[in-house]
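Scroll down for the structure; my scribbles are underneath it.
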Amino acid sequence: MRVAIFGTGYVGLVTGTCLAEVGHDVVCVDIDQSKVDGLQRGIIPIYEPGLEPMVKANHASGRLAFTTDAAQAIAHGEVIFIAVGTPPDEDGSADLQYVLAVARTIGRHLARPTVVVNKSTVPVGTADKVRTAIAEELAARGQENAFDVVSNPEFLKEGDAVADCMRPDRIVIGASSAHAVTVLRRLYAPFNRNRDRVVEMDVRSAELTKYAANAMLATKISFMNEIANIAERVGADIEQVRQGIGSDPRIGWHFIYPGAGYGGSCFPKDVQALARTAAQHGHQPQLLNAVEAVNAAQKGHLFELIQRHYDRGEDEGVRGKTFAVWGLAFKPNTDDMREAPSRRVLAQLWEAGAKVQVFDPEAMAEARRIFGEREDLVFCDSAFAALHDADALVVITEWKQFRSPDFARMREALGDAVVFDGRNLYDPAEIEAAGLAYYGIGRGRSV
Ligand code: NAD
Numbered sequence: 001m002r003v004a005i006f007g008t009g010y011v012g013l014v015t016g017t018c019l020a021e022v023g024h025d026v027v028c029v030d031i032d033q034s035k036v037d038g039l040q041r042g043i044i045p046i047y048e049p050g051l052e053p054m055v056k057a058n059h060a061s062g063r064l065a066f067t068t069d070a071a072q073a074i075a076h077g078e079v080i081f082i083a084v085g086t087p088p089d090e091d092g093s094a095d096l097q098y099v100l101a102v103a104r105t106i107g108r109h110l111a112r113p114t115v116v117v118n119k120s121t122v123p124v125g126t127a128d129k130v131r132t133a134i135a136e137e138l139a140a141r142g143q144e145n146a147f148d149v150v151s152n153p154e155f156l157k158e159g160d161a162v163a164d165c166m167r168p169d170r171i172v173i174g175a176s177s178a179h180a181v182t183v184l185r186r187l188y189a190p191f192n193r194n195r196d197r198v199v200e201m202d203v204r205s206a207e208l209t210k211y212a213a214n215a216m217l218a219t220k221i222s223f224m225n226e227i228a229n230i231a232e233r234v235g236a237d238i239e240q241v242r243q244g245i246g247s248d249p250r251i252g253w254h255f256i257y258p259g260a261g262y263g264g265s266c267f268p269k270d271v272q273a274l275a276r277t278a279a280q281h282g283h284q285p286q287l288l289n290a291v292e293a294v295n296a297a298q299k300g301h302l303f304e305l306i307q308r309h310y311d312r313g314e315d316e317g318v319r320g321k322t323f324a325v326w327g328l329a330f331k332p333n334t335d336d337m338r339e340a341p342s343r344r345v346l347a348q349l350w351e352a353g354a355k356v357q358v359f360d361p362e363a364m365a366e367a368r369r370i371f372g373e374r375e376d377l378v379f380c381d382s383a384f385a386a387l388h389d390a391d392a393l394v395v396i397t398e399w400k401q402f403r404s405p406d407f408a409r410m411r412e413a414l415g416d417a418v419v420f421d422g423r424n425l426y427d428p429a430e431i432e433a434a435g436l437a438y439y440g441i442g443r444g445r446s447v
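Quick note on full-length UniProt numbering: the sequence shown kicks off at 1 and runs consecutively.
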């Protein structure tokens, strides 16, 4: 099928590439000329495992094209995806300006029946706004093309996006027309062979499903962080508690890791946007507000542990200290630093007069873009290079390569011989046996 995709970010680029991979003829359109120029030359703007060779192969085969020419893309698409950003507005609600701009563009150029598929995460009711925006532009041109607007939320995880897209758990199709469902079923048939993964529903339910999924996952994280904070105070170890509860299949092992707070471009904004939607409809979302508040506090917790340690010392606390920081991305296997907990920790360390030496396997270019050059920031080539002349280590992202470091070498390198482990990667007994002081999240014995 001929597919057009508006937005060549994490969702649009991965979706377009996977659709091309199974044989569709895809045109990706973005307003960012440098991104499109780069993609045409094989430069992938994001880090996502497995993506680069797939983009290059499908581009070379002619099934995946990149353009800034919206009219050309709309003329191409039997199915037109909207996969642009929906960042938080000032009050936390989703900013729909990019989605509606695409809708108007579609209306300005559409010349035949089509199915418009919204993949961006948008508040309930947005499909109606998209439909109106397209219809108004069509009417302004005296046109009356038939078109459907479908909600098809995306559930891929950054860091695993290609695998998620090629083997989805479910494909949610929210539509009000049987024709649109048939078209999308045909489009997704290659991903839907061994069992039916398509969940058909009405448009509003599909829009809410995406927020419900992210809010549930964020709730699990904030719940564990809450229990971790209790564990810390009562002298219990959250890691043992985690083992104890995860074995219950009703609870399960996934998403019950305490840590430095959730970040990324989705959970923070989606929990807030859903809370705004609830409030706008006269419901006070007490649980969602608590999930958000717990997370906001948790992002400051690593720094509290650092302060607690240094306030016990005889010198001036954190001021003048040098911290090695391992991990800047909001989670492993991505270069994405949007809302990353590392940003809060770094800001707090800098405000307290400390210097940082940072290393992340994939997010260094993004960190340079965000922070620029500053005297209290050193970019390092490796995890161990970051330890050189540092006083303490702060681990913020759980990259696999940080899991089994040489603690003896770490002990030699760190002036104050202390590790702040924001992801509970290490066994406190093992690290303390190497002569290092250890602080984890929710590990009561260490406070
Ligand atoms: P992104 O910021 O990585 O990419 C958005 C792209 O859209 C950018 O390249 C931007 O230049 C482009 N764009 C903006 N206006 C445009 C226009 N008028 N025409 C063409 N292109 C335009 O965003 P993302 O992370 O891919 O997220 C997109 C949507 O998908 C959001 O609503 C997000 O909540 C949702 N989502 C994201 C993820 C994720 O893991 N990133 C997962 C599921 C759903």
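No residue lacks a Cβ here, since even glycine has one placed at the ideal position from N, Cα and C.
Here Tyr-98 is near Val-84, since their CB atoms are less than 9 Å apart. Taking a contact as a CB-CB distance under 8 Å, the pair Phe-384 and Arg-411 does not count as one, their CB atoms being some 12 Å apart. Asp-389 counts as exposed, since fewer than 16 other beta carbons sit within 10 angstroms of its beta carbon. For the region 86-150, the full-length alpha helix (DSSP H) segments reaching 4 residues or more read 97-109 and 126-140 along the chain. Taking Lys-119 as reference, the option from Phe-81, Leu-96, Arg-108 and Pro-113 with the minimal CA-CA separation is Phe-81. Looking from the CA of Pro-168, the closest CA among Asp-30, Ser-177, Ala-392 and Leu-156 belongs to Leu-156. Annotation for Arg-250: no residue places its beta carbon closer than 7 Å to its own, counting only its chain and skipping 5 residues before and after. Contact between Lys-299 and Gly-261 holds, with the beta-carbon distance rounding to 4 Å and staying under 8 Å. Residue pairing by DSSP leaves Lys-269 without any beta bridge partner. The continuous stretches of beta strand (DSSP E) do not include Cys-380, and DSSP gives it neither H nor E.
Between Ser-222 and Val-294, the C-beta gap is smaller than 9 Å, which places the two residues in contact.
With a cutoff of 8 Å, Gly-442 does not count as near ligand 1, since its C-beta is closer than that to no heavy atom of the ligand.
When DSSP reads this structure, Tyr-438 sits in a beta bridge with Val-419. In terms of CA proximity to Thr-334, Glu-158 leads the group Lys-35, Arg-2 and Glu-158. Rounded to whole angstroms, the gap between the alpha carbons of Asp-360 and Ala-189 is 38 Å. The beta carbons of Arg-197 and Ile-171 sit about 5 Å from each other, so the pair counts as a contact at 8 Å.
By the Cβ rule, the region 206-223 counts as touching the region 285-292, because three or more pairs are nearer than 8 Å.
Per the Cβ contact rule, the region 350-365 is in contact with the region 319-334 (3 or more Cβ pairs under 8 Å). Between Thr-86 and Val-27, the C-beta spacing is not below 9 Å. For Gly-259, there is no enclosing beta strand (DSSP E), as DSSP marks it with neither H nor E. By the beta-carbon neighbour count (other beta carbons within 10 angstroms, threshold 16), His-24 is buried. One thing to note: Leu-13 has its Cβ within 9 Å of the Cβ of Ile-44. For Ala-57 and Ile-5, the gap between their C-alpha atoms comes out near 18 Å. When the five nearest sequence neighbours on each side are left out, the beta carbons in the same chain lying within less than 8 Å of the beta carbon of Ala-354 are those of Val-318, Arg-319, Gly-320, Lys-321, Thr-322, Phe-323 and Asp-376, in order along the chain. For the 9 Å CB-CB criterion, Glu-398 and Gly-259 form a contact.
With a cut-off of 8 Å on Cβ pairs, the region 236-244 is not in contact with the region 174-190, counting fewer than three such pairs. Here the alpha carbon of Ser-93 sits roughly 34 Å from the alpha carbon of Ile-306. One thing to note: Gly-7 has its Cβ within 9 Å of the Cβ of Val-102. Less than 9 Å separates the beta-carbon of Leu-436 from that of Phe-407.
The C-alpha of Glu-226 is placed about 11 Å away from the C-alpha of Tyr-257. Taken through DSSP and simplified to helix, strand or coil, Phe-330 comes out as coil. By the Cβ neighbour-count rule, Gln-357 is buried, with 16 or more other Cβ atoms within 10 Å of its own. Counting C-beta atoms within 10 angstroms of its own C-beta, Gln-272 has 16 or more neighbours from the protein chains shown and is therefore classed as buried. By the beta-carbon neighbour count (other beta carbons within 10 angstroms, threshold 16), Glu-232 is buried.
Annotation for Ser-120 indicates a beta carbon within 8 Å of some heavy atom of ligand 1.
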